[in-house]
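Sequential numbering of the sequence shown, starting at 317, is according to my numbering.
Written out below as C-alpha cells is the structure these notes cover.
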Amino acid sequence: MEKCLWKKLIGIMSVALILGVLAQYMAADESAFQENQLIQKEPGEGGVTASLSYQKDGEHPMDYEMQVPERVLTREEWEVRARAAQEEVVDTFLGDNPGTDHVSGKVNLCEKLQDGLFTVEWSFTPDLCIDPQGNLLEENFIDGDVVMATAIIRYQEYEVCYEFPFQVFRQPLTEEQTFENAVSDYMQRQDMTTGVLALPSELEGQKITWTSKKEPRLLMFLLLGLVASAAVLYGEYAKKRKLREQARQEMARDYPEIVSQLSLFLSAGMSLTQAFGRILSGYEQKKRGSYRGKRAGYEQIGRMVHEMEDGMPKIQAIEHMGERCGLSQYRRLATILTQNMKKGSAGIGAILEKEAAQAFVDRKNMAQRAGEEAGTKLLFPMMLMLVVVMVVLIVPACMSMNL
C-alpha cells in the first residue's frame, strides 16, 4: 500500500516538474529580453512590458519594468503596406454591396486597416448622401448619382489620400411597402369632412377585401382562467399541506400528555378502554370550558374510542389509530398496546412511564428546534431593519457634507 502511494506521489511530482519546465520555457520564449537586448514586436502586434532585474556593483538586485514599443515601419515598408491598404479599403467599404457601380445598402466606414496598423478618416463629395454610420440618405440623391469617397490613410507621420467614385441607388421597395404607399396615397385623396373614409376595393388591378382584425380575447380569458384555476388549486393544496403539518405538530405535542395519562390510569387499575375513555372525557371537558379549540392528538384518540364503541375490535382500532396518525410515536404506542393485549405481558405501566419520559424529552427537543427556526426566520427582517437604520444615519451625514 505504501509502495503504491509513493508511486502516485512520484508521478504527481514528475508531472508538476515537466509542466513547470514547459511553462518556464514558454515564458522565456515570450520574453522581450534576449542576450542583453530587447526584442520588439512586429508592426501592428502592439508593445510589450519587459520585466527585468538589474544589479549595480556591490548592491542588491533590483526589479525594473520597461515598456517595449512595437517596431516602426520603414519608408519602403510603409509604401508597400499603403498600396495593400488602398486595395483593402474599397472591399471593406462596399460591405454587402456588389460593387462601386451599384451601392444601395449600408457601407462600412472602417476606422482601421491592415489589422489595425493604419487609421482611416472618411469624407464624401457631396457630403449629404451618407451619414456617419454609413447609411445612405435616400432623400438627398437620385438613382445613379456619383459620389466621390476620400479615405485618408495614416500611420504615424506617414499619410496617403486615396479617392474612388461610386454610384448610389435607392433600395427597391418590397411588395408590402409598395402596397402601403398605394393605400396611403388613396386615403390622402379622400374627403376628410364627410366623417366616413372609404377603403380601396381595388388597387393596381387587384381586388382587395378588408376585414376587422379582432384580438383573441376569448383565448386570453381562457388562459387567464386556467392560470387562476391553477393558482386556486395550488393555494388549496398548500393550505391542506399546512393544516396537515400543523396537525402533525399538534399530535407530536399531545403525545407525551396522552402517554402519561394512559400510564397513570392503567397503573390505577383501569382497563385500557376505561383509560382511553377517561382521557377523552377530560379532553371534552376542557373543550367545553376555558380551553377552546381542537387538539389533533386527542381527536385521534376520540376517533379510536368511537370505533371501539361501534363494534370494531380493540386491537384493530388501536392499529388503525397508529397508521392514521402517521407518526412514529403513535405507531410505537399502538405496537406496545397491541402486544400487551395479544401476549398479556405484565409491566405495561412501567413501559408506558418510560415511553412518557422519552416523549417529554422529544417534546423539549422539538420546542428547541422550533425556537431556532423562529430565530432564523427573524434574521431577514432584522437585516432589513439594520439597512434602514444605516440609511437613516448615513444619508443625513452625506447631505450635510455636500452642503
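Virtual Cβ for every residue (Gly too), placed ideally from N, Cα, C.
CA-to-CA distance, residue j to residue i, given in whole angstroms
i	j	result
residue 460	residue 440	16 Å
residue 700	residue 548	31 Å
residue 637	residue 677	23 Å
residue 447	residue 476	23 Å
residue 693	residue 702	15 Å
residue 421	residue 457	14 Å
residue 377	residue 334	29 Å
residue 417	residue 507	45 Å
residue 682	residue 673	14 Å
residue 769	residue 579	Residue 769 lies beyond the stretch modelled for the chain, which goes from 317 to 719, so this question has no answer here.
residue 539	residue 616	43 Å
residue 706	residue 427	50 Å
residue 434	residue 465	18 Å
residue 655	residue 591	17 Å
residue 596	residue 626	16 Å
residue 671	residue 604	30 Å
residue 711	residue 383	46 Å
residue 501	residue 541	45 Å
Beta-carbon gap between residue i and residue j smaller than 8 Å
i	j	result
residue 425	residue 404	no
residue 728	residue 499	Beyond the ends of the chain as shown, which are 317 and 719, falls residue 728; an answer cannot be given.
residue 512	residue 419	no
residue 413	residue 406	no
residue 624	residue 589	yes
residue 643	residue 557	no
residue 612	residue 634	no
residue 675	residue 645	yes
residue 292	residue 665	This structure does not reach residue 292, given that the chain is present from 317 up to 719, and the question cannot be answered.
residue 474	residue 394	yes
residue 388	residue 472	yes
residue 657	residue 630	yes
Exposed unless 16 or more other CB atoms sit within 10 angstroms - verdict on residue i
i	result
residue 716	exposed
residue 696	exposed
residue 451	exposed
residue 524	exposed
residue 560	exposed
residue 570	buried
residue 343	The predicted model places residue 343 with a pLDDT of 48, which falls under 50 and marks its position as unreliable; any figure quoted below should be read in that light. Exposed, by the Cβ-count rule.
residue 554	exposed
residue 463	buried
residue 639	exposed
residue 537	exposed
residue 397	buried
residue 332	exposed
residue 550	exposed
Top-ranked residue by Cα proximity to residue i, from the options
i	options	result
residue 573	585, 614 and 452	614
residue 520	445, 491, 422 and 533	491
residue 385	379, 365 and 401	365
residue 488	593, 504, 454 and 387	454
residue 526	516, 443 and 410	516
residue 641	566, 444 and 482	566
residue 667	375, 652, 709 and 658	652
residue 409	482, 711 and 698	482
residue 593	609, 620 and 568	620
residue 400	381, 659 and 431	431
The ligand MN heavy atom lying under 7 Å from the CB of residue i
i	result
residue 388	The model depicted lacks the ligand MN and carries no ligand whatsoever.
Minimum Cβ-Cβ distance from residue i to chain B less than 8 Å
i	result
residue 583	Absence of chain B from the displayed structure is noted, only one protein chain being present.
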